[in-house]
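Using our numbering, count along the sequence shown one by one with no gaps and you end on 1305.
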Amino acid sequence: MFKSKMKPLLPLFLVILVSLIVAFTNIVPGTFFSGWDNIHPEFNLGMYAHRVIFGAWQEHLGTGGPPAQGHPAEIFRLPILFILKLFLPLNLQRYGFIFLMYLIGGIGIYFYLKNYWLVREKQYTLPDKIVNITQNLVNGSHTKLVNKYSDWIASLGAIFYLLNILTLQQFYIAFEMFTVQFAFLPFLFISIHLLVKKINIKNLLIFFVIQLLIAPSAHTPTVFYLGMLFSTTYAFFLTLNFKKIRSSLKFALIIFIMTLLANSYWIIPNLYFTVNDANYVSQSKANRVFNSESLWSIRSEGDLKSFFTGVHYLFDWKDYNFQTQKYEFIFAEWQNYFSNPWIGKILLGFGVFVILGLFLTIFNKYLGSKRWGIVFWYFLSIALIWIDLFPTKYLIDLFYKSDIFFEIFRNPFTKLSIILSFIWSIFFSQLLNSVFWKLRRINFHKKIIRWFPTSFLIIIFILIILLNWPTFQGNFLNEKLRISIPSEYFHLFSYIQSYDKNQRILELPYYSFEGWEYYNWSTDGKSNGYQGIGFKFFGFDQPYLTPDFARWTGTTDSFYYELRYALDQQNSSVLNSVLQKYKVDLIILDDTKINPYASQTNNSYKNLLNKIDFKPVWQENFLTVYQRIENQNHEVDLSLIIPKQINFVSASLDRVQKDIVYEKVGNYINNNTNKIYPFASLFSEEVKPIILDEGQVEFEKSIPLNNYKVVIPGILKNFGLPIFIKRYGSQINIIFPQIEVSLNQQKIKLIDLDNFDFEAESTESATLWINQQKIIINPNQKILITTKLDTNNLKICFEDRKTQEKKVVYDQTLSSNQWQKQQIIETQNLGKISINLSFPWIKTDLNMDSTNCSNPNRGYIENKYQNGSMTYYADKYGVNCSGYILSDFSSNTAFLLNLSGENYQGRSIKLFVNDTQFLTLTNEYLLPENKFSTTYLFPELVGN
């Protein structure tokens, strides 16, 4: 009797067994699974619970903000996490959750396939003709055959769900929200079937419980919303009757409304963010640079091979190897495995199976109308994931012109691959089921009937296992994410807990705006390091300034613009001002944090911190905590939170590199007042609006028409004066900048130095002295130099080549008219202010050779130079790299860099600017798509 009861459960046991084997072969004892987009609530589960339950405001996001992500949706994941915490050690709790979701997903799709997909909605009837008794007996035998093996077909379908290539690409660098969707999407569809059967309290309760369990997939809300639309569409087609289409619409609407109600606790805060603050996300530097990169990574995979195999962009992405100190392909082990011709054919064969299953689903009327809900989402998914492979690309390209659509589907593969994996498994199961139904039409010998179905299923099972053999060798999870986190960090968490939870923490060093952090803990030649968004902020309550949060809140993004400016200048007073403005109380300096693109040390950070109001208060090996001196009692200084004075100003200060308003007035509220700083935005990274004409640059600002007292600061004493020198033959021209402020008809010149020229005594190289600065200029050469005027005297001398005597050609003490002090001018009916700069432009010769800097070298590049313009081509993963040395420019003075061009196809040009004089961070920009004329500001780096 026991055997008879257990036998029907064997197909389910096989699914569970495969899940457990995958788990146990991929969990490495003594390690954490951490990196990429990780979540670590287990580091401080009580704090994390408070963070998500009261998640309408996310205080920990640097400077705080409403939930850009669906943080409150995590609430019903907490019970699972608490249970895992009771039974598993700290390092295994994330492993445990991921593989628990993996197991649940396999069980869920098994029951969905077995009970709701592999059953016929119509009873199969034979054709209306005379059938002999023998044929009836055979067909009867075959009907029993199908019923007998349908459980095993569901089992294979579930195993395919667990092990197909789409699932692998999500779990390899697992992010919890995708694992949750993987687990509960099948159960969501089961709950809809239950409601179709009967709407009662029990089935409604099941539906709402599933909604709460799948809600954590809304950590990125788009993932949940797509799942919601998928289930609603399925509900509509499941009940579709063309005679009663209103009933189907009504049922789908009921499912949609119940879904919204069940998830309203996180949807309402998220909608608030979407309406009021979503623009911050699209405008953040990280998203502006990365979004297009992500989308074009998806589009580059738009070929038939990728479509049939499911191998997508992540196979062409790289991560960092801390041992070799090089970037390597993320899926290197799998790439090597799939390079085997036989394995490649098996992979392609399963892709063909899915397509065959699609057609069998379309033409199988016994599946009923529910199949159209699956088929519709299949076509929608492949149209978005393999955009350029189908005619729908033209329509999708129109959608991508919308900023909202672009933000939602910047990476359609990750957002739709779990749904597509679910659909693949349905089609695969349908293929197997159709094969067995076709067998009932064939008059097999009874012995063949006995062995063929079993053999066929075993062969399919073996092929699935063979295709996924690296999974069972520990390669279902990325080995670079199975790491040993040093104990010093957990000691740090304990120490920080002694501080007031409102004290804001900054982590240094700061290397990249991308929010991707690297920590190298490798010892004794063993690779061990972290790469991802960070993990420290899961260990303590305090607001935490880390670059990843700059993507979600505008003020945090602004902080990093200003922090970078201070660090680039190595200016302790500017740094101290920025830290005061953003109320930073504690600084964590981590010596293991690295910049993979450059060799840098933390000595400059330590020197800066020693010069400002922060002193070390805790240290353990590579970690040091600095605290503001005036706040040594571990409590928040209320005077820093509640300023004694607030000034009301009007200025455009969005993401400026230098906040001149704060420097002038201290704490302020930006409001529409009559105290206006019209050109505060000139310190933005990209300068606009700007009017460019040959040798002319004009900044113009409209202000509310009124009578104003205009304060013009003039030119500071230590201003770096740019001087342009050009020589033709023996004639040398000296050109000074002209700066003029226009107030209606009144014009005020800030620099009014007369240009002049003189004759050199020979046509050979000449030596000039500008104050104490020596300049050598050759015939037909142009030079831009910058001189510091410590006094108001400007002297230019020409050195005789023979006698080396200096002949004065220009000697002038600058008057107030030439070197203006601050002026205060009364105006009437002023509505516009402009600043005009006249100075020669320096154009870069673009006719330079490029290199294909792809690594490994692949694809091709090509350049075409014509009439001073260069056209750059790259394809097949080639990377067209061109470098130009701007030798005329110096960081001793600010300068503008304008680039004009047109992007014809693909991701636009990415621009990197390195400063070789100062040890600054590399500036990284992504030029606009289509036609562009973009001007970037590089501020003066004055140092200490």
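The beta-carbon is built from N, C-alpha and C at its ideal position, and this holds for glycine as well.
If you compare alpha carbons, which of the options is closest to residue i?
| i | options | result |
| --- | --- | --- |
| GLY1267 | ALA1235, LEU1247, GLU1285 | ALA1235 |
| LYS446 | TRP513, PHE404, LEU610 | PHE404 |
| LEU756 | LEU745, LEU1247, ILE765 | LEU745 |
| LEU590 | VAL570, PHE874, ILE616 | ILE616 |
| VAL509 | PHE374, PHE797, PHE1085, GLN530 | The amino acid at residue 509 is misidentified as Val; the sequence shows Lys. It is PHE797 whose Cα lies nearest to the Cα of LYS509. |
| PHE1125 | ILE1138, VAL413, VAL557 | Looking at the sequence shown, residue 1125 is not Phe but Glu. Here the closest residue by C-alpha is ILE1138. |
| LEU818 | GLU1263, LEU375, GLU1285 | LEU375 |
| LYS726 | SER1261, LEU524, TRP478, SER1091 | TRP478 |
| TYR871 | LYS944, SER965, LEU842 | SER965 |
| ILE973 | GLY588, ASN932, GLN1006 | ASN932 |
| SER816 | TYR1023, THR1164, ILE514 | ILE514 |
| GLY712 | GLN684, TYR1226, VAL672, TRP703 | VAL672 |
Could you please give the first and the last residue of the uninterrupted beta strand (DSSP E) stretch that includes residue i?
| i | result |
| --- | --- |
| ILE659 | From DSSP, ILE659 is part of no beta strand (DSSP E) but of the alpha helix (DSSP H) over 646 to 660. |
| TRP979 | 975 to 981 |
| ASN549 | Looking at the sequence itself, residue 549 is Leu, so the reference to Asn does not match. Unbroken run through LEU549 is the alpha helix (DSSP H), 537 to 558; no beta strand (DSSP E). |
| ILE575 | Premise fails: ILE575 lies in the alpha helix (DSSP H), 562 to 575, not in any beta strand (DSSP E). |
| MET408 | Run containing MET408: none in the beta strand (DSSP E); it sits in the alpha helix (DSSP H), 406 to 414. |
| ASN1224 | 1221 to 1227 |
| GLU689 | 687 to 690 |
| GLN1106 | That residue, GLN1106, is in no beta strand (DSSP E); it is neither H nor E in DSSP. |
When you compare only the Cα positions, how much space is there between residue i and residue j?
| i | j | result |
| --- | --- | --- |
| THR914 | ILE1021 | 21 Å |
| THR528 | VAL978 | 47 Å |
| ASN1132 | ASN1154 | 8 Å |
| GLN1183 | GLY1075 | 5 Å |
| SER1042 | ILE629 | 34 Å |
| TYR1069 | GLU991 | 40 Å |
| HIS411 | PRO372 | 42 Å |
| PHE740 | ASP1249 | 55 Å |
| ASN452 | LYS954 | 21 Å |
| PHE1191 | ILE1037 | According to the sequence as given, residue 1191 is Leu; it is not Phe. Between LEU1191 and ILE1037, the C-alpha separation is close to 12 Å. |
| GLN530 | TYR1297 | 38 Å |
| PRO582 | VAL541 | 13 Å |
| ASN1218 | MET1209 | 20 Å |
| TYR471 | PRO369 | 13 Å |
| ILE571 | PHE896 | 29 Å |
| PRO1083 | ALA911 | 35 Å |
| SER1045 | GLU435 | 37 Å |
| GLY469 | TYR463 | 10 Å |
| GLY835 | THR884 | 23 Å |
| SER845 | TRP738 | 41 Å |
| LEU719 | ILE551 | 21 Å |
| ARG607 | ARG732 | 19 Å |
| LYS483 | SER763 | Note that LYS483 scores a pLDDT of 43, beneath 50, so its modelled location is shaky and nothing firm can be said. |
| GLN1106 | ILE1030 | 32 Å |
| LEU610 | ILE769 | 26 Å |
| PRO427 | PHE634 | 6 Å |
| ASN500 | GLY518 | Note that ASN500 scores 40 on pLDDT, short of 50, meaning its location in the model is unreliable; the coordinates nonetheless yield the value given after this. Rounded to whole angstroms, ASN500 to GLY518 spans 25 Å at the Cα level. |
Hey, quick one: how far does the alpha helix (DSSP H) through residue i stretch, first residue to last?
| i | result |
| --- | --- |
| THR593 | 582 to 599 |
| VAL636 | 625 to 637 |
| VAL376 | 371 to 387 |
| SER667 | 665 to 670 |
| GLY466 | 454 to 473 |
| LYS446 | 439 to 448 |
| PHE699 | 693 to 699 |
Does the separation of the CB atoms of residue i and residue j fall below 8 Å?
| i | j | result |
| --- | --- | --- |
| THR722 | VAL736 | yes |
| SER1261 | ASN1241 | no |
| THR670 | LEU717 | no |
| ASP344 | SER645 | Since the first and last residues shown for the chain are 362 and 1305, residue 344 lies out of range. |
| TYR353 | LEU947 | Absent from the model: residue 353. The displayed extent of the chain is 362 to 1305, so no value can be given. |
| GLY425 | PRO904 | yes |
| GLN988 | LYS976 | yes |
| TYR1245 | THR1205 | yes |
| ASN1213 | ILE894 | no |
Problem set entry | Secondary structure, alpha helix (DSSP H): runs of 4+ residues fully inside the stretch 730 to 797 | 731 to 746, 754 to 760, 764 to 769
Exercise. Counting only runs that start and end within the stretch 921 to 977, where is the beta strand (DSSP E) found for 3 or more residues in a row?
Worked result: 945 to 951
Problem set entry | beta strand (DSSP E) runs contained entirely in the stretch 799 to 873, provided each spans 3 or more residues | 865 to 869
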